[in-house]
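Taking this note's numbering, the leading residue of the sequence shown gets 24, the next gets one more, and so forth. Glycine included, every Cβ here is placed at the ideal spot set by N, Cα and C.
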Amino acid sequence: MCANKKSSNYKPLTESDAITLAKRLELFDKNSQLTCYEIGDGNLNLVFKVTNTETSESLIIKQALPYAKVVGESWPLTLDRSRIETNALIKQAEFVPQYVPKVYYSDESLAITIMEDLSHLQIARTALINGEELPLLSKHIGEFLAKTLFYTSDYGLNQHYKKELVKQFINPDLCKITEDLVFTDPFFNHDTNDFEQELLKDVEHIWNDQVLKLEVAKLKQLFLTKAEALVHGDLHTGSIFADEKETKVIDPEFAYFGPIGFDVGQVFANLLLNAISREPENQNILFNHIEVTWTVFVEEFTKAWTNDAIEIFSKTDGYVEHVLSEIFEEAVGFAGCEIIRRTIGLAHVADLDKIEPTSKKISTKQLALRLGSELIKNRKSLTKPEDFKEYTKQTALTSL
């Protein structure tokens, strides 16, 4: 990767600009005929695919916008998140290069990252909604989580270097988005919330549930203060490309040093959201994905701990088991917050919103709100991923 800090002042790219940039950087053969079109419907960025028409070779040019597209220029954002994303991809590639796109070039002043094109893969959320199994998804994600989180934590990283990294990944603007949209707004009558009128009573129950709000406050405090490892920060199934053999994690622009359980919980939540969107007879593959994700995470995290832990207490009997138990408990709580915010907050998921007919969509969202609340309040009683299946069933039954 190379970086150019002397580029012209920031301006949003056009498709023509993207081609010009690719040619100037000689990312294709000199005489290549290039085409470009904007892809994706992201809320925070412009994304262009540039292709050599003769060879079909292609790459992605991603540029951060100085505001959130979902709201408009009234919601300004720092362009520094482009630097965060590039550096997070590079750091993750040190441990799991097979699970992240290659970075070819970055320009901080233009907030640009140029990277590998992954369009031969599908967005995992779309694939799961379409009923595809993605048999290796959970194995790959479990390994991605274990290695990226262990090797950027105090367990596997020189403490002085780790603190230097924490400074490099301070990410206040995007952390504030998470603080508000995941941990705050859905639990209060806030104008960013977005839900069907039929859910009003269920939503008001959440707003008035003081036990729930106390537990959310505890989880928010962990997110704010527990600088445990370099977390992806937005690891939902829309941030994963996959097929039957390959998995790539993208978009770590929310990356910062936070609790390990946050990334794990985001994965759990989005798999659960897909599970409850299905008929009961088709849910097992999703619960299996959750179990495999955690099983592989534990195996790889423990292996890394055994081989590479530098913390002097790492050889103390029971310590790694304690750490893993704490990660799982926190992940369950974070999963509950994610489920609720994806149901009634600003940013929804197609797993729920595309359910038909409307009556089934509403009943499924009611289940999501109850499940999210129960996971948050009872996270200490769930000790293994197999519990999710039974818990989901029991939560559904209590509404009948």
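- Annotated three-state conformation of G368 is coil, per DSSP.
- Judged by DSSP in its simplified three-state form, V123 adopts coil rather than helix or strand.
- The stretch 144-162 and the stretch 258-277 touch, with no fewer than 3 CB-CB distances between them shorter than 8 Å.
- For L57, same chain residues with a beta-carbon under 8 Å away, outside a window of 5 residues either side, are I42, A45, K46, F51, V73, T74, N75 and T76 in chain order.
- The stretch 231-241 makes no contact with the stretch 152-159, as fewer than three CB pairs between them are under 8 Å.
- For the pair I283 and F211, the Cα-to-Cα distance works out to about 26 Å.
- No Cβ-Cβ contact shorter than 8 Å links K271 with L168.
- In the DSSP annotation of this structure, the continuous segment of the beta strand (DSSP E) that includes A265 starts and ends at I263 to A265.
- Take V315, set aside five residues on each side of it, and the residues of its chain with a beta-carbon closer than 8 Å to its own are S161, K162 and G165, in chain order.
- In this structure, the alpha-carbon of F357 lies about 5 Å from that of G288.
- Secondary structure at F285: helix, using DSSP grouped into helix, strand and coil.
- For S176 against A252, the beta-carbon gap comes to about 4 Å, under 8 Å, which counts as contact.
- The beta-carbon separation of P209 and R364, rounded to 5 Å, stays under the 8 Å limit for a contact.
- I308 and L69 have their C-alpha atoms roughly 34 Å apart.
- Its chain contains F173, A327, D331, A332 and I333 as the residues whose beta carbon lies nearer than 7 Å to that of G179, once the 5 sequence neighbours on both sides are disregarded; these appear in chain order.
- If you draw a straight line from the Cα of P195 to the Cα of E304, it is about 43 Å long.
- In the three-state scheme derived from DSSP, where H, G and I count as helix and E and B as strand, N305 is classed as helix.
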